[in-house]
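**Q** Read left to right, the sequence shown gives residues -22 to -1, 1 to 552 (mature numbering (1 follows the signal peptide of the UniProt record, and there is no 0)).
Each residue gets a CB set at the ideal place from its N, CA and C atoms; glycine is no exception.
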Amino acid sequence: MNNKFVKVGLAGLLAASLAACSNQPAQQTPSTAPEAGNSGVYEVKGTGYGGEMNLKVTIADQKITDIELVDSHETNVVIDRAFPVMKERILEANSPVVDNVSAATFSSFGVKSAVADAMKQAGMDVEEITMTTQGPEKPASQREAETCDIVIVGGGPAGLAAAIGAKQTNANANVIVVEKLDILSGNGKFDMNFFDIINTEAQKKAGNEEWTVNQVENFIESKKDTGESAERIEVWANEENELDAWLRAMGVELNYNYGGTNHMAEDNQYSGEVIQAGLEKQAKELGVDIRTGTKGEELILDGKDVTGVKVTNNDNESYDIQAQAVIIATGGFCSNKELLAEYAPGYEIMNTSNQMGTTGDYVKIFEANGYKMENMGKMSVFANIIVPRRDLTGGADMNLLVNKEGELLANASGLDRAKMIQSQTDGAAYYITDKTGYDSFYRIRKHVGLGYYAEGKTLDELAAALSIDAAGLKASVEQYNADAEAGAENAVLGKVPSRALDAEGPFYGVRVEAANHMTKGGVAANEKAQVLFEDGSVVTGLYAAGEVTSQTGGYSQSVVFGKVAGENAAAALK
Ligand SMILES: Cc1cc2nc3c(=O)[nH]c(=O)nc-3n(C[C@H](O)[C@H](O)[C@H](O)COP(=O)(O)OP(=O)(O)OC[C@H]3O[C@@H](n4cnc5c(N)ncnc54)[C@H](O)[C@@H]3O)c2cc1C
């Protein structure tokens, strides 16, 4: 590590430390190693998920008084949420020996080890930091039960939308959100495309008639074969119709419509970044009591009615939250291989694009209570996630998938794609595109810009950068281009290539794998987001929304039915 003690701007701190430490030199230059007991600002480095992190750690009289993250290559939607939590923990403990921020283990390690380094330079005692270093164990304890009007389990898109919907319906409602991770917004904060939304400012600007004129009818028509009930589709359509206005009222603008119902915040900004920041802000402003690091467990029942939920927090305190309504918005179960093996056998061989919270904590509870579960084996697999970062990539107007030998791989999807890739040398496959592909889609430009893709001016250079066989790659491209030019079917792909690869570089490539992306099955909920028993009757006091339910859509549908759940739960309060 390349550490440096910085004197610049430290007059006050140095004076303070001089008073406390008589052998402190009167003057230090930036290159002078600090003596034991030194106060000052230490420029230190840590290694996070994306590589090097640069931090400034202020130490005064053996106390860590400030930590600044100068720069990092961490995923911004994670580090922006995780760093303040980590900083608070370290400052409070005056030590980096604290619990990692969940869903940000690598970033936590980077920050903690950098702080430990600064402390060592300041002559403070500190233990070696590893990836598994945690704070002192907390003994289990039982806290007094609490009562509120509505308790929401899960602080992702559906849970936050539910909280806002509830408070907007009844401002006096006492609403608690419990989120088991230390940061909010679930998978939503990673999302690029907010689709299914209709009647938007961006669609109107783009002249996208189909979704701005007769849009509700068109939406209903487009969803009629999804298997969702007609009542749910109608509510879904009407809510999507109002959603842009609802989001804009809280300052969330989706200004980029790139065809159909597809939206990003801007042409160079993912939707989830902006929507989730907006939902978090709005929920806080409306006075929702948000408790991160608090896991929802068993439901509390009175006969068959749901009257609350048991929770356990990071301090290992367990308590009951009694409520008139419980809304479960815990997402799917892509992160739980045991449940995958049971409900979608075979899919457990894949990694997932999901953050760690999607473990299906309520699946067994729902089943034990006799609630209706639907489509549990239905999966959505994302074709290309970056190894090992797990960001979703792809979407260029054209790409080749090749193996280590440079051989073209078939255009398989779903579980077949995962099996095909896993059967290659080292289980490796590479997504290759060119400058035209780069220009065609923002996600590729973003990932190239972030350095996730290898680049080559020639195919030889690209092959070298990816450590794949150059001769094999060139032979595959030659055949592919010949087929494209002749309008002939490519033997591997079983179709005529849409176009040839650019004659000249730059070319781009990245190692990818197919991954479990969304579980489409879950507990059945009606058009009011009420959970149903196996016989179709309503479970009193229980609502569910988002990926925890059986739903055909994604992000936007999760927000819609979260909002619907919150509104209906609040409207039913006595
Ligand atoms: C990388 C990535 C990119 C995606 N991109 C898109 C996209 O572009 N467009 C699209 O439509 N969809 C996309 N999706 C899918 C979309 O993110 C989900 O459909 C959406 O986030 C579902 O929202 P949710 O609130 O139901 O669940 P989640 O986002 O999973 O949130 C659930 C929350 O509940 C918490 N939780 C779980 N169990 C408990 C418990 N026991 N107690 C307390 N809290 C709990 C979790 O920690 C999590 O924070 C993407 C998914 C991923 C992983």
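Reducing DSSP to helix, strand and coil, say where Y458 ends up.
**A** The count along the sequence shown starts at 1 and reaches residue 458 at position 480. Reduced to three states, the DSSP call for Y458 is helix.
**Q** Please find out if some non-hydrogen atom of ligand 1 comes closer than 7 Å to the beta-carbon of A136.
**A** Within the sequence shown, residue 136 is the residue found at index 158, counting from 1. For ligand 1, at least one heavy atom lies less than 7 Å from the Cβ of A136.
**Q** Can you name the start and end residues of the alpha helix (DSSP H) that L440 belongs to?
**A** Mapped onto the sequence shown, residue 440 falls at position 462. That run of the alpha helix (DSSP H) goes 437 to 444.
**Q** Answer yes or no: the CB of K202 versus the heavy atoms of ligand 1, is any distance below 7 Å?
**A** Translated into positions along the sequence shown, residue 202 becomes position 224. No, since every heavy atom of ligand 1 falls outside the 7 Å radius drawn around the Cβ of K202.
**Q** Counting only the same chain and skipping the five closest in sequence on each side, list residues whose C-beta sits under 7 Å from that of A549.
**A** Walking along the sequence shown from the start, residue 549 turns up at place 571. Once the five neighbours on either side are set aside, the close Cβ partners of A549 are T147.
**Q** Which full runs of the beta strand (DSSP E) of 3+ residues lie inside the region 30 to 92, going along the chain?
**A** You should have 41 to 49.
**Q** Return the CA-CA distance between S(-1) and K41, expressed in angstroms with no decimal places.
**A** The residue labelled residue -1 in the question sits at position 22 within the sequence shown. The residue labelled residue 41 in the question sits at position 63 within the sequence shown. With a pLDDT of 31 at S(-1), under the threshold of 50, the modelled position of this residue cannot be trusted, and the question is left open.
**Q** Can you say whether S313 is buried or exposed, counting buried as having 16 or more other CB atoms within 10 angstroms of its CB?
**A** By one-based count along the sequence shown, residue 313 stands at place 335. By the 10 Å Cβ count, S313 comes out buried.
**Q** Which residue wins for smallest C-alpha separation from G166, given the options T336, G229, V266, G26?
**A** As a working note, residue 166 is residue 188 in the sequence shown. Ranking T336, G229, V266, G26 by Cα distance to G166 puts T336 first.
**Q** Pop quiz: Y325 and M357 are said to be a contact at Cβ under 8 Å. What is the actual Cβ separation, rounded to whole angstroms?
**A** In the sequence shown, the residue the question calls residue 325 occupies position 347. In the sequence shown, the residue the question calls residue 357 occupies position 379. So it is a contact: roughly 5 Å between Cβ atoms.
**Q** What do you reckon, is the C-beta of M376 under 7 Å from a heavy atom of ligand 1?
**A** Residue mapping note: residue 376 aligns to position 398 of the sequence shown, counting from 1. Flag unset: Cβ of M376 not near ligand 1.
**Q** Should G540 go down as buried or exposed, given a rule of 16 or more other Cβ atoms within 10 Å for buried?
**A** Counted from its first residue, the sequence shown places residue 540 at position 562. The residue in question, G540, is buried, as its Cβ has 16 or more Cβ neighbours within 10 Å.
**Q** Given this structure, state the Cα-to-Cα distance separating A(-12) from R67, to the nearest angstrom.
**A** Residue numbering aside, residue -12 sits at position 11 when the sequence shown is read from its first letter. Residue numbering aside, residue 67 sits at position 89 when the sequence shown is read from its first letter. Since pLDDT at A(-12) reaches only 33, below the 50 mark, its modelled position is unreliable, and no value is offered.
**Q** Determine, using beta carbons only, whether A441 and N459 come nearer to each other than 8 Å.
**A** Here residue 441 refers to the residue found at position 463 of the sequence shown. Here residue 459 refers to the residue found at position 481 of the sequence shown. No, the pair does not count as a contact, with Cβ atoms beyond the cut-off.
**Q** Quick one: Cα of K552 to Cα of G238, how far?
**A** On the sequence shown, residue 552 is found 574 positions in, with the first residue counted as 1. On the sequence shown, residue 238 is found 260 positions in, with the first residue counted as 1. In a straight line, the C-alpha of K552 is about 42 Å away from that of G238.
**Q** Would you say the beta carbon of M357 is closer than 7 Å to some non-hydrogen atom of ligand 3?
**A** Among the ligands in the structure shown, ligand 3 does not appear; only ligand 1 can be found there.
**Q** Would Q181 and N219 qualify as a contact pair, given that the criterion is a beta-carbon distance under 8 Å?
**A** In the sequence shown, counting from the first residue as 1, residue 181 sits at position 203. In the sequence shown, counting from the first residue as 1, residue 219 sits at position 241. No, the pair does not count as a contact, with Cβ atoms beyond the cut-off.
**Q** State the beta-bridge partners of R489 as determined by DSSP.
**A** Taking the first residue of the sequence shown as position 1, residue 489 is located at position 511. In the DSSP output, where bridge partners are listed per residue, R489 has Y408.
**Q** Looking at I198: is its Cβ nearer than 8 Å to the Cβ of E212?
**A** Mapped onto the sequence shown, residue 198 falls at position 220. Mapped onto the sequence shown, residue 212 falls at position 234. Yes, these two residues count as a Cβ contact at 8 Å.
**Q** With respect to 7 Å, is the separation between the Cβ of F311 and the closest non-hydrogen atom of ligand 1 below this value?
**A** Here residue 311 corresponds to residue number 333 of the sequence shown, with the count starting at 1. Answer for F311: no, Cβ out of range of ligand 1.
**Q** Is any heavy atom of ligand 1 found at a distance shorter than 7 Å from the C-beta of A307?
**A** Locating residue 307 in the sequence shown gives position 329, counting from the first residue. Result yes, Cβ under 7 Å from ligand 1.
**Q** Please determine, among I130, K498, S534, the residue with the shortest C-alpha to C-alpha distance to T285.
**A** The residue you call residue 285 lines up with position 307 of the sequence shown. Minimum Cα distance to T285 is reached at I130.
**Q** D339: beta carbon under 7 Å from a heavy atom of ligand 1?
**A** Walking along the sequence shown from the start, residue 339 turns up at place 361. Indeed, a heavy atom of ligand 1 lies less than 7 Å from the Cβ.
**Q** Going by alpha carbons, who is nearest to Q300 out of E124, D169, I327, A406?
**A** Residue mapping note: residue 300 aligns to position 322 of the sequence shown, counting from 1. The shortest C-alpha separation from Q300 is found at E124.
**Q** So what's R395 in DSSP terms, helix, strand or just coil?
**A** By 1-based counting over the sequence shown, the position of residue 395 is 417. Helix.
**Q** Which class does L317 belong to by DSSP, given the choice of helix, strand or coil?
**A** The count along the sequence shown starts at 1 and reaches residue 317 at position 339. It is helical.
**Q** Would the beta-carbon of G237 be found less than 7 Å away from any heavy atom of ligand 1?
**A** Taking the first residue of the sequence shown as position 1, residue 237 is located at position 259. Flag unset: Cβ of G237 not near ligand 1.
**Q** Which of the three DSSP states is assigned to S296 in this structure?
**A** Locating residue 296 in the sequence shown gives position 318, where the first residue counts as 1. It is a strand residue.
**Q** Is the number of C-beta pairs between the region 277 to 296 and the region 512 to 524 that are closer than 8 Å three or more?
**A** Because the criterion of three Cβ pairs below 8 Å is met, the region 277 to 296 and the region 512 to 524 touch.
**Q** Skipping 5 residues on each side, what residues in its chain have a beta carbon closer than 7 Å to that of D480?
**A** Within the sequence shown, numbered from 1, the residue matching residue 480 stands at position 502. Within the same chain, D480 has close Cβ partners D412, K413, T414.
**Q** Comparing the CB of N314 with every heavy atom of ligand 1, is any distance shorter than 7 Å?
**A** Start at 1 with the first residue of the sequence shown, and residue 314 comes out as number 336. No, ligand 1 has no heavy atom inside 7 Å of this Cβ.
**Q** Less than 8 Å separating the beta-carbons of V509 and Y349?
**A** For the purposes of this step, residue 509 is taken as the residue at position 531 of the sequence shown. For the purposes of this step, residue 349 is taken as the residue at position 371 of the sequence shown. In contact: V509 and Y349 (Cβ atoms closer than 8 Å).
**Q** Let me check you understand the geometry: is the CB of T336 closer than 7 Å to at least one non-hydrogen atom of ligand 1?
**A** Here residue 336 corresponds to residue number 358 of the sequence shown, with the count starting at 1. Answer for T336: yes, Cβ within range of ligand 1.
**Q** Which whole-angstrom value is the C-beta distance of D267 and T308, which I expect to be below 8 Å?
**A** Along the sequence shown, read from residue 1 onward, the residue named residue 267 stands at position 289. Along the sequence shown, read from residue 1 onward, the residue named residue 308 stands at position 330. Not really, about 18 Å apart at Cβ, beyond 8 Å.
**Q** With contact counted as at least three CB pairs below 8 Å, one residue from each stretch, are the region 64 to 82 and the region 104 to 113 in contact?
**A** Output reads yes: the region 104 to 113 touches the region 64 to 82.
**Q** Quick check: D222 and I154, are their CB atoms within less than 8 Å of each other?
**A** Taking the first residue of the sequence shown as 1, we reach residue 222 at position 244. Taking the first residue of the sequence shown as 1, we reach residue 154 at position 176. It is not a contact, given that the beta carbons lie outside the stated cut-off.
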